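Quick mapping for you: the protein sequence lines, in order, are chains Z and B. Numbered continuously in my numbering, the first sequence closes out at residue 222. Numbered continuously in my numbering, the second sequence closes out at residue 242. C-beta: ideal position from N, C-alpha, C; glycine also. What you are looking at is a predicted structure, and each value in this text was computed from that prediction instead of being measured.
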Amino acid sequence: MWGYYFNELIHSLPFFLKGLWMTAAVSGLSLIAGTVIGFVLGILRSGGNKWLKTVIGAWVDLVRGTPFLVQVFIVFFILPEAGIQLEAFPAAALALTNMGACFICEIVAGGLSAVPNGQREAACASGLSRIQQLRYIVLPQAMRTILPPLVGQYVLIIKDSSVVSAIGVVDVTRVGWLTVQRIPEGIMVFGLVGILYFTICYPLIQLSIRLEKRMTIVTTRL
Amino acid sequence: MIEFKSVNKWFGDLHVLKDINLAVAKGEVVVVCGPSGSGKSTLIRCINRLEPIQNGELVVDDMAVHDRKTSMTLLRAEIGFVFQSFNLYPHMTALENVTLAPMKVRGMPRGKARQLGLQILERVGLGDRGASYPEQLSGGQQQRVAIARGLCMHPKIMLFDEPTSALDPEMINEVLDVMRDLAGGGMTMIVVTHEMGFAREVANRVVFMDVGQIMETASPEAFFTKPQTRRGKAFLSKILRH
Numbered sequence: 001m002w003g004y005y006f007n008e009l010i011h012s013l014p015f016f017l018k019g020l021w022m023t024a025a026v027s028g029l030s031l032i033a034g035t036v037i038g039f040v041l042g043i044l045r046s047g048g049n050k051w052l053k054t055v056i057g058a059w060v061d062l063v064r065g066t067p068f069l070v071q072v073f074i075v076f077f078i079l080p081e082a083g084i085q086l087e088a089f090p091a092a093a094l095a096l097t098n099m100g101a102c103f104i105c106e107i108v109a110g111g112l113s114a115v116p117n118g119q120r121e122a123a124c125a126s127g128l129s130r131i132q133q134l135r136y137i138v139l140p141q142a143m144r145t146i147l148p149p150l151v152g153q154y155v156l157i158i159k160d161s162s163v164v165s166a167i168g169v170v171d172v173t174r175v176g177w178l179t180v181q182r183i184p185e186g187i188m189v190f191g192l193v194g195i196l197y198f199t200i201c202y203p204l205i206q207l208s209i210r211l212e213k214r215m216t217i218v219t220t221r222l
Numbered sequence: 001m002i003e004f005k006s007v008n009k010w011f012g013d014l015h016v017l018k019d020i021n022l023a024v025a026k027g028e029v030v031v032v033c034g035p036s037g038s039g040k041s042t043l044i045r046c047i048n049r050l051e052p053i054q055n056g057e058l059v060v061d062d063m064a065v066h067d068r069k070t071s072m073t074l075l076r077a078e079i080g081f082v083f084q085s086f087n088l089y090p091h092m093t094a095l096e097n098v099t100l101a102p103m104k105v106r107g108m109p110r111g112k113a114r115q116l117g118l119q120i121l122e123r124v125g126l127g128d129r130g131a132s133y134p135e136q137l138s139g140g141q142q143q144r145v146a147i148a149r150g151l152c153m154h155p156k157i158m159l160f161d162e163p164t165s166a167l168d169p170e171m172i173n174e175v176l177d178v179m180r181d182l183a184g185g186g187m188t189m190i191v192v193t194h195e196m197g198f199a200r201e202v203a204n205r206v207v208f209m210d211v212g213q214i215m216e217t218a219s220p221e222a223f224f225t226k227p228q229t230r231r232g233k234a235f236l237s238k239i240l241r242h
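So this is what it looks like as structure tokens:
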């Protein structure tokens with residue numbers, strides 16, 4: 001019987017790969033949009049405007065402090081009551097982007113605050129504008145601190161994307177749920193799901209470890 | 001060139017500059033000295049508004065620094081500032097450190113900025129170290145690059161905030177030599193320093209500060225031989241003992 005199920009699973013592989021593609025699509029889109037928005041929020045959060053800092057801080061804390069599944073349900077089931085009707089994929093991408101952006105905001109703000117204040121002062125004293133200070137002096141130095149946890153956050157976004165299967169997005173997790181009804185060997189089916197997630201996460205994990213090691217060497221030299 | 005008129009500054013409740021009145025003429029070299037916490041560094045940091053003042057007037061090169069509406073970008077380009085801890089950009093070479101502001105603030109083309117940068121590095125004795133990163137330079141060399149970074153903007157004023165305090169003794173002279181050379185060339189300079197030999201030799205005027213106030217202003221000779229205030233005498237007796 002096990003052999004039969006194994007063969008069925010192999011025949012289902014194209015279906016799993018389609019699901020993997022959906023996972024990659026929703027994660028990839030959210031990752032890119034979340035990074036752009038997260039950087040903007042992080043820069044504003046570490047700037048001088050107290051009002052902006054408070055508003056962004058409150059939103060970030062709210063998103064980071066609530067379950068992602070709840071956020072996905074709010075976007076998909078509650079927003080239509082306010083007239084914003086979204087299909088499953090856009091709703092999933094929106095919720096995942098929002099969550100990613102909030103975590104990336106904190107990573108970026110932390111990285112920016114780790115740059116010694118003397119660097120900003122020297123740049124300011126040279127006549128560089130705030131944007132020039134950020135672009136040429138602060139951000140390049142902050143990236144050393146930001147990159148390792150940023151890549152780690154990408155891994156988390158990919159894994160958290162499995163939650164969007166709850167609103168009907170046919171990602172690799174949902175494919176697993178649908179397949180296990182035909183092939184009732186949970187360990188086999190979800191083992192494959194796990195392996196597929198691992199194939200896209202592992203390279204990023206290794207990249208994060210390498211960046212962290214490189215960061216340690218750089219800070220030791222400094 | 002620089003004029004403080006009844007300037008007051010607070011950090012929260014702490015009154016750090018008390019009714020400062022000071023005028024510095026073009027080409028003058030003024031040394032500001034005093035015990036720790038006297039407000040010396042805060043005084044010069046107000047000149048390019050690294051620290052804002054709360055009260056009084058501060059006019060630099062005919063621009064009202066005390067007025068929040070005054071755009072400081074252009075004025076800061078005319079004022080070179082050398083920090084105690086150098087503050088070189090660690091991700092840039094010495095040449096990149098000194099050419100960044102000329103290119104991005106003055107809009108100088110890269111080739112011309114590079115030429116200028118090498119010329120100024122040569123002037124401070126580091127013409128062959130343009131490709132080095134700050135971590136590859138000694139403290140004295142880093143501080144000379146920091147001075148070069150200020151000079152590349154052809155400033156009207158150079159401000160030095162304890163430029164040799166973070167250096168090993170054997171490196172102090174190489175930095176002071178560069179500063180002597182600048183002073184000899186007619187640069188308007190305000191130098192916060194404990195290097196009294198330098199002050200005696202190069203300064204036109206010594207300003208002694210204590211507890212946020214200017215206690216005495218005199219020529220170096222007058223200050224070092226006959227300080228007028230009790231605090232001035234006490235300060236000199238401690239500092240000249242070493």
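### Message
So with CB distances below 8 Å, who are the chain B contacts of Z/Gly118?
### Response
By one-based count along the first sequence, residue 118 of chain Z stands at place 118. In chain order: Phe83, Ser85 and Asn87.
### Query
When the cut-off is 8 Å and only beta carbons count, does Z/Tyr136 lie next to chain B?
Locating residue 136 of chain Z in the first sequence gives position 136, where the first residue counts as 1. Chain B, which has a Cβ nearer than 8 Å to the Cβ of Z/Tyr136, makes this yes.
### Task
Taking only beta-carbon positions, decide if B/Leu121 is within less than 8 Å of chain Z.
Position 121 of the second sequence holds residue 121 of chain B. No, because no Cβ of chain Z sits closer than 8 Å to the Cβ of B/Leu121.
### Query
How about B/Ala101: is its C-beta nearer than 8 Å to some C-beta of chain Z?
Locating residue 101 of chain B in the second sequence gives position 101, counting from the first residue. Yes, B/Ala101 lies at the interface with chain Z (some Cβ there is under 8 Å from its Cβ).
### Query
In three-state DSSP terms, what is B/Arg180?
Numbered from its first residue, the second sequence carries residue 180 of chain B at position 180. Residue state, collapsed to three classes: helix.
### Query
Counting pairs of Cβ atoms below 8 Å between the stretch 202 to 215 of chain B and the stretch 28 to 47 of chain B, do you hit three or more?
Taking 8 Å as the limit for Cβ pairs, the verdict is that the stretch 28 to 47 of chain B does touch the stretch 202 to 215 of chain B.
### In chain order, each beta strand (DSSP E) run of at least 3 residues that lies wholly inside the stretch 114 to 172 of chain B
Runs of beta strand (DSSP E) with 3 or more residues, each lying fully within the stretch 114 to 172 of chain B, are found at 157 to 161, listed in chain order.
#### Entry: Contained beta strand (DSSP E) runs [length at least 3] in the stretch 34 to 88 of chain B, N- to C-terminal order
Unbroken beta strand (DSSP E) stretches of 3 residues or longer found wholly inside the stretch 34 to 88 of chain B: 55 to 60 and 79 to 82, given in chain order.
### Task
Step through the CB atoms of chain Z and report whether any lies within less than 8 Å of the CB of B/Lys104.
Counting from 1 along the second sequence, the entry for residue 104 of chain B is found at position 104. Closer than 8 Å to some Cβ of chain Z, the Cβ of B/Lys104 qualifies, so yes.
### Query
Any residues in the stretch 128 to 161 of chain Z with a beta carbon nearer than 8 Å to a beta carbon of chain B? Which ones, in chain order?
So the list reads Leu128, Ser129, Gln132, Tyr136, Ile137, Pro140 and Gln141, given in the order they occur along the chain.
### Query
Which residue from Z/Asp171, Z/Asp160, Z/Cys105 and Z/Ile183 puts its Cα closest to that of Z/Gly47?
Position 47 of the first sequence, counting from 1, holds the residue named residue 47 of chain Z. Among Z/Asp171, Z/Asp160, Z/Cys105 and Z/Ile183, the Cα nearest to that of Z/Gly47 belongs to Z/Cys105.
### Message
One question on the structure: do B/Pro155 and B/Glu78 come within less than 8 Å of each other, judged by their Cβ atoms?
### Response
The count along the second sequence starts at 1 and reaches residue 155 of chain B at position 155. The count along the second sequence starts at 1 and reaches residue 78 of chain B at position 78. Against a cut-off of 8 Å, the Cβ pair of B/Glu78 and B/Pro155 comes out as a contact.
### Query
With C-beta atoms as the reference, is Z/Ser27 less than 8 Å away from Z/Ile157?
If you number the first sequence from 1, residue 27 of chain Z lands on position 27. If you number the first sequence from 1, residue 157 of chain Z lands on position 157. Against a cut-off of 8 Å, the Cβ pair of Z/Ile157 and Z/Ser27 comes out as a contact.
### Query
Taking only beta-carbon atoms, is Z/Ser113 less than 8 Å away from chain B?
Here residue 113 of chain Z refers to the residue found at position 113 when the first sequence is read from its first residue. The Cβ of Z/Ser113 sits no closer than 8 Å to any Cβ of chain B.
### Message
Taking only three categories from DSSP, how would you classify B/Gln228?
### Response
As a working note, residue 228 of chain B is residue 228 in the second sequence. The answer is coil: DSSP assigns B/Gln228 none of H, G, I, E or B.
#### Entry: Nearest-angstrom Cα separation, counted from Z/Val40 out to B/Pro244
Absent from the structure is residue 244 of chain B, since the part of chain B shown begins at 1 and ends at 242.
### Message
Pull the bridge partners of Z/Arg223 from the DSSP assignment, please.
### Response
It is not possible to answer for residue 223 of chain Z, since the shown part of chain Z is limited to 1 through 222.
### Collapsed DSSP secondary structure at Z/Ile37 in the structure displayed
One-based indexing of the first sequence puts residue 37 of chain Z at position 37. Taken through DSSP and simplified to helix, strand or coil, Z/Ile37 comes out as helix.
### Message
Assuming the contact rule is C-beta atoms closer than 8 Å, B/Asp168 and B/Gly139 should be a hit. Round their C-beta distance to whole Å, please.
### Response
Counting from 1 along the second sequence, the entry for residue 168 of chain B is found at position 168. Counting from 1 along the second sequence, the entry for residue 139 of chain B is found at position 139. That pair is a contact at about 6 Å.
### Buried/exposed call for B/Lys226, threshold 16 Cβ in 10 Å
Position 226 of the second sequence, counted from the first residue, corresponds to residue 226 of chain B. B/Lys226 should be labelled exposed.
### Query
What residue does the alpha helix (DSSP H) around Z/Ile158 start on, and which one ends it?
Position 158 of the first sequence holds residue 158 of chain Z. Segment Leu139 to Asp160, the alpha helix (DSSP H) holding Z/Ile158.
### Task
With B/His15 as the anchor, note down where its beta strand (DSSP E) starts and where it stops.
As a working note, residue 15 of chain B is residue 15 in the second sequence. Boundaries of the beta strand (DSSP E) harbouring B/His15: Leu14 to Val24, taken from the DSSP string.
### Task
Find the residues of chain Z that neighbour B/Leu50, judging by a C-beta separation of less than 8 Å, and give them in chain order.
Residue numbering aside, residue 50 of chain B sits at position 50 when the second sequence is read from its first letter. Among the residues of chain Z, those whose CB is under 8 Å from the CB of B/Leu50 are Glu121, Cys124 and Ala125, following chain order.
### Message
Any beta carbon of chain D sitting closer than 8 Å to that of B/His66?
### Response
Absent from the structure: chain D. Protein chains present are Z and B.
### Task
Take B/Gly56 and list the residues in its own chain whose beta-carbon comes closer than 6 Å to its own, dropping the five residues that flank it on each side.
Translated into the one-based positions of the second sequence, residue 56 of chain B becomes position 56. Closer than 6 Å at the Cβ level, and outside the excluded window around B/Gly56, lie Lys5, Ser6, Val7 and Asn8.
### Query
Is any beta-carbon of chain Z found at less than 8 Å from that of B/Met187?
For the purposes of this step, residue 187 of chain B is identified with residue 187 of the second sequence, where counting begins at 1. By this cut-off, B/Met187 is not an interface position.
### B/Ser6: first and last residue of the uninterrupted beta strand (DSSP E) it sits in
Stepping through the second sequence from its first residue, residue 6 of chain B is reached at position 6. Ile2 to Phe11 is the span of the beta strand (DSSP E), which, as asked, contains B/Ser6.
### Rounded Cβ spacing between B/Val145 and B/Leu137 (contact assumed at less than 8 Å)
Your numbering for residue 145 of chain B matches position 145 in the second sequence. Your numbering for residue 137 of chain B matches position 137 in the second sequence. So it is a contact: roughly 7 Å between Cβ atoms.
### Task
Go through its chain and collect everything with a Cβ distance to Z/Phe190's Cβ below 6 Å, but skip five positions before and after it.
Numbered from its first residue, the first sequence carries residue 190 of chain Z at position 190. Hits under 6 Å: Gly176.
#### Entry: Backbone secondary structure at Z/Val26 - three-state DSSP
By one-based count along the first sequence, residue 26 of chain Z stands at place 26. Z/Val26: helix per DSSP, three-state reduction.
### Task
Could you confirm whether any beta carbon from chain Z is found closer than 8 Å to the beta carbon of B/Arg76?
The residue labelled residue 76 of chain B in the question sits at position 76 within the second sequence. Contact of B/Arg76 with chain Z is assigned, a C-beta pair being separated by under 8 Å.
### Task
For the beta strand (DSSP E) holding B/Asp210, just list the boundary residues, first then last.
Along the second sequence, read from residue 1 onward, the residue named residue 210 of chain B stands at position 210. Element bounds for B/Asp210: Arg205 to Asp210.
### Query
Would Z/Ser12 pass as a contact of Z/Ala93 if the rule is Cβ separation under 8 Å?
For the purposes of this step, residue 12 of chain Z is identified with residue 12 of the first sequence, where counting begins at 1. For the purposes of this step, residue 93 of chain Z is identified with residue 93 of the first sequence, where counting begins at 1. Z/Ala93 is positioned such that its CB atom lies no closer than 8 Å to that of Z/Ser12.
### Query
Cα separation between Z/Thr35 and Z/Cys102?
Position 35 of the first sequence, counted from the start, is the residue given in the question as residue 35 of chain Z. Position 102 of the first sequence, counted from the start, is the residue given in the question as residue 102 of chain Z. Cα to Cα, the separation comes out at about 9 Å.
### Beta-carbon proximity list for B/Ile53, same chain, < 8 Å, skipping 5 on both sides
Working through the second sequence from its first residue, we reach residue 53 of chain B at position 53. Excluding residues up to 5 positions away in sequence, Val7, Asn8, Lys9, Leu17, Cys46, Val65 and His66 lie with their Cβ nearer than 8 Å to the Cβ of B/Ile53 in the same chain.
### Task
Specify whether the stretch 160 to 173 of chain Z and the stretch 81 to 89 of chain Z touch according to this definition: at least 3 beta carbon pairs, one from each stretch, less than 8 Å apart.
In short, these stretches touch, since the Cβ pair count reaches three.
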